[in-house]
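Below is one structure, written out as structure tokens; comments come after it.
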DNA sequence: AAGATCTTGTT
DNA sequence: ACAAGATCT
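Numbering (UniProt numbering), first residue to last: 1 to 451.
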């Protein structure tokens with residue numbers, strides 16, 4: 001019996017353009033695939049509810065597709081460092097391959113495992129798969145990381161172009177099926193990832209098909225029909241011109257390399273590529289600032305005089321009952337579909353922080369819980385961008401006016417009509433007064449930064 | 001990835 | 001009178 005190669009899947013729930021899986025296939029030995037639900041290791045952020053829903057269906061899709069190719073996907077729950085060692089023992093694996101992760105708790109787990117397994121004599125390899133540019137390869141002239149997007153993205157584009165995506169590896173080796181030891185697996189149902197009592201996921205089911213095949217279908221459709229109009233239409237939430245790739249990228253059902261080359265091959269859109277760039281920049285930032293979700297990137301924002309949060313206002317924001325059509329439409333779209341148009345994310349976030357004066361971390365946590373694309377880097381990065389506390393952030397005095405934004409980007413009210421036709425017109429705040437209050441609070445931050 | 005207001009240019 | 005552009009916050 002040949003000792004197998006263990007491929008540990010994490011944020012890369014795909015078969016195509018999966019360098020770890022391809023390298024395992026080339027190694028020739030049978031493959032055992034593993035996915036761990038790690039709710040135990042120190043520092044792991046618990047998945048939000050919408051993320052758990054997506055994960056369930058995406059893992060199910062991956063399991064079925066690997067099974068068709070003769071590769072068992074073992075599911076286990078527990079601290080990854082312990083589980084991987086157990087699976088190595090149980091399977092008799094002599095090599096362990098995975099694609100890299102970039103958040104700090106995950107990196108700590110992975111590097112400890114890599115050195116531990118290697119000193120046990122195993123072959124361990126990690127691969128670049130989830131980012132176009134490894135964070136440490138993008139450096140300023142001074143050898144530091146970037147804190148402003150434009151020079152960051154310029155530096156990325158001066159690096160060698162992103163590699164071509166890898167084709168699906170050949171996984172079925174004649175005679176290899178069934179020769180592996182059987183390794184016990186949880187069932188997905190054991191993990192209780194889906195909501196019950198109540199089952200609030202009907203809107204998610206209507207909206208999304210998780211899994212690699214649907215991700216590629218969407219990419220093809222986006223490139224063929226939406227990309228030509230992208231630059232002009234991406235900011236109109238009723239236009240349906242955005243890629244809808246965010247949850248697929250977050251879970252790695254499709255790689256950024258596939259998205260990059262599909263877009264450039266179709267004539268490209270500098271704007272769409274730069275959106276991929278913002279995703280890169282968010283991960284670049286998280287890599288060098290691991291507390292991005294909890295700490296202000298600009299330390300002077302620690303002096304922001306947040307008032308006691310208004311529980312009623314917060315609830316109205318969450319439920320889409322603020323009386324501002326575009327805010328309410330966005331929050332309802334989010335609740336129903338687990339997604340919100342990018343422009344509207346900025347508007348609703350600005351409203352929470354700058355009109356309700358509620359700490360960006362509270363909004364970030366709500367998005368974390370309700371977005372199917374909740375991403376450990378992009379979500380806190382973008383909240384800090386809106387709040388003004390982040391990297392290359394919106395200046396503190398840039399306060400969106402939701403009514404002007406609606407006039408500009410939803411001039412016919414189609415988006416508001418779609419999501420908030422029945423919303424109450426009663427406005428919970430005065431935009432002018434709350435704007436002044438926010439400017440006053442930011443002034444405190446500004447003055448605190450001076451000697 | 002902005003808003004308010006002031007300035008300049010065109011009817 | 002109004003719009004586009006510059007400037008400050």
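Backbone N, C-alpha and C define an ideal beta-carbon position, used for all residues, glycine too. If you're wondering where the values come from, they're calculated on a predicted model, not measured in any experiment.
| Check | Outcome |
| --- | --- |
| Assigned exposure category for residue 411 - 16 Cβ within 10 Å defines buried | exposed |
| Residue ranges of each alpha helix (DSSP H) within the UniProt domain "Photolyase/cryptochrome alpha/beta" (3-132), 4 or longer | 19-27, 49-68, 80-91, 104-119 |
| Meets three-Cβ-pair contact criterion under 8 Å: the region 34-52 and the region 156-165 | no |
| Selection from 161, 77, 258 that minimises the alpha carbon distance to residue 15 | 258 |
| Straight-line Cα distance separating residue 409 from residue 416 | 11 Å |
| Proximal residues to residue 451 (C-beta, below 7 Å), its chain only, five neighbours per side dropped | With a pLDDT of only 43 at residue 451, under 50, the local geometry of the prediction cannot be trusted, and no value is derived from it. |
| Residue 88 to residue 18 span [Cα, whole Å] | 21 Å |
| For residue 255 and residue 164, the rounded distance between their alpha carbons | 11 Å |
| DSSP state of residue 432 mapped onto helix, strand, coil | helix |
| Local Cβ density within 10 Å of residue 265, reported as buried at 16 or more and exposed below that | exposed |
| For residue 33, the nearest candidate out of 41, 40, 348, 21 (CA to CA) | 21 |
| Spatial distance of residue 83 from residue 122 (CA atoms) | 16 Å |
| Closest Cα partner of residue 277 within the set 27, 363, 148, 202 | 148 |
| Continuous alpha helix (DSSP H) stretch holding residue 230: start and end | 230-233 |
| Collapsed DSSP secondary structure at residue 253 in the structure displayed | coil |
| Residue burial classification, residue 31 (beta-carbon count within 10 angstroms, cutoff 16) | buried |
| Residue from 317, 11, 27, 8 with nearest C-alpha to residue 2 | 27 |
| With 16 other Cβ atoms within 10 Å as the buried cut-off, status of residue 397 | exposed |
| Distance, residue 284 Cα to residue 94 Cα | 33 Å |
| Close Cβ partners of residue 269 (< 6 Å) along its chain, the five nearest in sequence each way excluded | 227, 230, 231 |
| Sequence-distant residues of the same chain with beta carbon closer than 7 Å to residue 271, five excluded per side | 230, 231, 234 |
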